[in-house]
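All remarks here apply to the structure that follows.
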Amino acid sequence: MKFTVKVWRQKNAKAKGKFETYRVEGISPDTSFLEMLDILNNQLIHEGKEPFAFDHDCREGICGMCSLYINGRPHGPDDEITTCQLHCRKFKDGDTITVEPWRSAAFPVVKDLVVNRHAFDEILQAGGFISTTGIAPDANIIPIRKQDADESMDASACIGCGACVATCKNGSAMLFVAARVSALAKLPQGRPEAAKRAKAMVAKMDELGFGACSNTGACEAECPKHISIAHIARLNREFLLANIQD
Ligand code: SF4
Ligand code: FES
Numbered sequence: 023m024k025f026t027v028k029v030w031r032q033k034n035a036k037a038k039g040k041f042e043t044y045r046v047e048g049i050s051p052d053t054s055f056l057e058m059l060d061i062l063n064n065q066l067i068h069e070g071k072e073p074f075a076f077d078h079d080c081r082e083g084i085c086g087m088c089s090l091y092i093n094g095r096p097h098g099p100d101d102e103i104t105t106c107q108l109h110c111r112k113f114k115d116g117d118t119i120t121v122e123p124w125r126s127a128a129f130p131v132v133k134d135l136v137v138n139r140h141a142f143d144e145i146l147q148a149g150g151f152i153s154t155t156g157i158a159p160d161a162n163i164i165p166i167r168k169q170d171a172d173e174s175m176d177a178s179a180c181i182g183c184g185a186c187v188a189t190c191k192n193g194s195a196m197l198f199v200a201a202r203v204s205a206l207a208k209l210p211q212g213r214p215e216a217a218k219r220a221k222a223m224v225a226k227m228d229e230l231g232f233g234a235c236s237n238t239g240a241c242e243a244e245c246p247k248h249i250s251i252a253h254i255a256r257l258n259r260e261f262l263l264a265n266i267q268d
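Under the numbering used here, the first residue of the sequence shown carries the number 23, and numbering increases by one thereafter.
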């Protein structure tokens, strides 16, 4: 297969960026999207040009690092997968593919296609813990309703990729925060700090410049782990309860 690839190039957060257009040929349909970018970068190196920077780590849909906007969609044209799980067969031979970094004020561009998602770490640090006293009991002796365990596990599937923020017209991080709050709030171990956690994480999210949620549902539609916006309703309940308790 051959493609024309338009890649966003930007030296740093303050520099003015622009698209550069490259051509790549001889790509197998079974090549992963990131491997195609590797091949393109190798080509640039052989031509004496600077390769473009892009983020990745696990390349198996786990770490959430591969934060790319591809043809106007976070993680590309397929549903419920990350960029690293996307393959070239999803495109047509001869296609033009546009690749951009996440666009959000809270995720500044570091270089080219790499953005800084440290804001997510700060939100997690603000409230994402549970405490234990004495010796931790064996996990199997704490009874948990099957439905609660399932909902907590579903919320825990969030990989912190940031696609929800990138796709939201308000740049809201509500789905990410809701997933983290829900994962702990549905378990008995997470209840003691539930109110404090919900308030601290929401306050940090607001402080870091993420926008407000207006329930468009774009976050759920583009989330590679299909985290449900029902978790946002739970976060709102937890937050309200925490404020009533004060
Ligand atoms: S909620 Fe979904 S889109 Fe948002 S960070 Fe988690 S996995 Fe990524
Ligand atoms: S590189 Fe880890 S999820 Fe894509």
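We put the CB at the ideal spot given by N, CA and C, even for glycine.
| Asked | Found |
| --- | --- |
| Ser56 - containing alpha helix (DSSP H), residue span | One detail in the question is off: residue 56 reads as Leu in this sequence, not Ser. Unbroken alpha helix (DSSP H) run through Leu56: 55-68. |
| Sub-8 Å separation of Ile49 and Met58 beta-carbons | yes |
| Three-state secondary structure assigned by DSSP to Phe151 | coil |
| Residue closest to Glu72, alpha-carbon to alpha-carbon, out of Leu263, Ala255, Ile249, Asp60 | Asp60 |
| Nearest-angstrom beta carbon gap, Ile119 and Ile84 [assumed within contact, 8 Å] | About 24 Å; that fails the 8 Å criterion. |
| Check: Gly182 C-beta below 7 Å from any heavy atom of the ligand SF4 | yes |
| Minimum length 3: unbroken beta strand (DSSP E) runs contained in the segment 114-200 | 118-123, 131-133 |
| Touch test, the segment 224-239 against the segment 208-216, Cβ-Cβ under 8 Å, three pairs minimum | no |
| Distance, Lys33 Cα to Val132 Cα | 8 Å |
| Backbone CA spacing between Ala216 and Val121 [nearest angstrom] | 39 Å |
| Nonlocal neighbours in the same chain, by C-beta distance under 7 Å from Asn138, ignoring five residues either side | Phe129, Pro130, Val132 |
| Contact test: Lys247 Cβ vs the ligand SF4 heavy atom, cutoff 7 Å | yes |
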